[in-house]
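Below you'll find the structure, written out as structure tokens, and then a few comments.
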Amino acid sequence: MMELERVSGLQGFTWFLLFGFTVSLSLGTFWESTFQKVTTHSNFQMRSLNLSWTNEDLMGCATHCLKLKDSCYSFTYDVKTTVCVLGSWLLPADTSTSVATGDVYYTGAFCNTDANFTLLTFGNTTYCLYFALDKFNYTSASQACLARHSHLYTLKEPVKLDVLKTFLVNTNDSWVGLDDRAEEGVFRWLDDKTLLTSEMKSFLFTGVQPDNAGDKEDCVQYDTYRYPLNDRDCSYTSPFVCEVTPLTGL
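full-length UniProt numbering applies: residue 1 is where the sequence shown begins, and numbers increase by one.
What follows is the structure in structure tokens.
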């Protein structure tokens, strides 16, 4: 078994190397991210955040990224020039994005625009989404997202509703990753099985929704007629939205 190589640096930080490294940061809240080095550098480009530093070491560069954990999912570091450049998503190399020299490190934030995913920026955050117009039932929609290395879109923060309001313009209803199939009235997000909080339930459902009409509505859609969300029969077919979530801030 390969042993982790522990390397100490700035006070308060520890990082580990094993085909990459983990950076931990404590500023009132404990954050941790594991950065992996891109080995096929020519196949990817990094979408720059237009933030850079000089005279940094690798750990310092990673720490800058971790402090911006809601928007920084990658960075480049040039050993020769000690230039550190922060970025968001990685994209296929033939896209028109800015790229810096040096080694590229990332947190699992690859947005495959070649597979019809779209990179969208809303506020300070960039999202990688696939808007499917084909009509599938809930299970098939979820499987279609999984086949694209993604999951049905989740709305765990109010801003993510604004993302749908802004960019979902070609359909009136779309499956999102929320259901109460396991236990009636207990809604869980499909990606990690976490519970829908009471605060977000009040925010996302209005009027009599969710009403479990006919005692058979266990899956949830974004619905412009019963805005914002509506529970539907899981066998109903509609478009859906897939989302790739960067692996940050564990």
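Cβ atoms here follow ideal geometry from the backbone N, Cα and C, with glycine treated the same way.
Check: For the alpha helix (DSSP H) containing Q221, name the first residue and the last one.; Outcome: Run containing Q221: none in the alpha helix (DSSP H); it sits in the beta strand (DSSP E), E217 to D223.
Check: So, under 8 Å CB-CB, L129 and V38 are touching, yes? Tell me the CB distance rounded to an integer number of Å.; Outcome: The pair is not a contact, with the Cβ atoms about 23 Å apart (cut-off 8 Å).
Check: To the nearest angstrom, how far is it from the Cα of T81 to the Cα of L195?; Outcome: 47 Å
Check: In whole angstroms, what separates the C-alpha of N170 from that of G87?; Outcome: 30 Å
Check: Spatial neighbours of W53 within its chain, please: C-beta separation below 6 Å, excluding the five flanking residues on both sides.; Outcome: C84
Check: Under a three-way DSSP split, which group does V159 fall into?; Outcome: helix
Check: Taking the straight line between their C-alpha atoms, what separation do you get for Y127 and S235?; Outcome: 28 Å
Check: Distance check for F167 and Y225, CA to CA, integer angstroms please.; Outcome: 17 Å
Check: What distance in whole Å lies between the Cβ atoms of T118 and S74, which are believed to be in contact at a cut-off of 8 Å?; Outcome: That pair is no contact at about 18 Å.
Check: Would the beta-carbon of W89 fall within 8 Å of that of C111?; Outcome: yes
Check: Exposed or buried, which one is P158 when buried takes at least 16 other CB atoms within 10 Å?; Outcome: exposed
Check: Please say whether V186 and V220 have beta carbons closer to each other than 8 Å?; Outcome: no
Check: Using the C-alpha atoms, what's the distance from M200 back to Q162?; Outcome: For clarity, residue 162 is Asp in the given sequence; the question names Gln instead. Roughly 14 Å separates the two Cα atoms.
Check: Taking Cβ positions, are S142 and L190 nearer each other than 8 Å?; Outcome: yes
Check: Which of helix, strand or coil does DSSP assign to N212?; Outcome: coil
Check: Whole angstroms is fine: what's the gap from residue 259's alpha carbon to E243's?; Outcome: Any question about residue 259 goes unanswered here, given that the chain covers just 1 to 250.
Check: Does DSSP put A132 in a helix, in a strand, or in coil?; Outcome: strand
Check: Can you give the Cα-Cα distance for residue 313 and E183, rounded to whole angstroms?; Outcome: Residue 313 is absent from the structure shown; the chain starts at 1 and stops at 250.
Check: Between D173, T113, D218 and D70, which has its C-alpha nearest residue 251's C-alpha?; Outcome: Outside the displayed range of the chain (1 to 250) lies residue 251, so it cannot be described from this structure.
Check: Compare the beta carbon distance of Q36 and L91 with 8 Å and say whether it is the shorter of the two.; Outcome: no
Check: Mark T29 as exposed unless 16 or more other C-beta atoms lie within 10 angstroms of its C-beta, in which case mark it buried.; Outcome: For T29, the predicted structure reports a pLDDT of 41, less than 50, and the residue's modelled location is therefore unreliable. The matter cannot be settled from this model.
Check: Given a cut-off of 8 Å on the beta-carbon distance, is the pair L178 and F205 in contact?; Outcome: no
Check: Return the chain-ordered list of same chain residues with a C-beta closer than 7 Å to the C-beta of C65, the five sequence neighbours on each side being excluded.; Outcome: C72, F75 and L86
Check: Rounding to the nearest angstrom, what Cα-Cα distance links T125 and L49 in this structure?; Outcome: 11 Å
Check: Let me check one thing: in DSSP terms, what residues is T59 bridge-paired to?; Outcome: Going by the sequence as given, residue 59 is Met instead of Thr. Paired residues: none, contrary to the question.
Check: Using beta-carbon positions only, say whether L51 and Y77 come within less than 8 Å of one another.; Outcome: no
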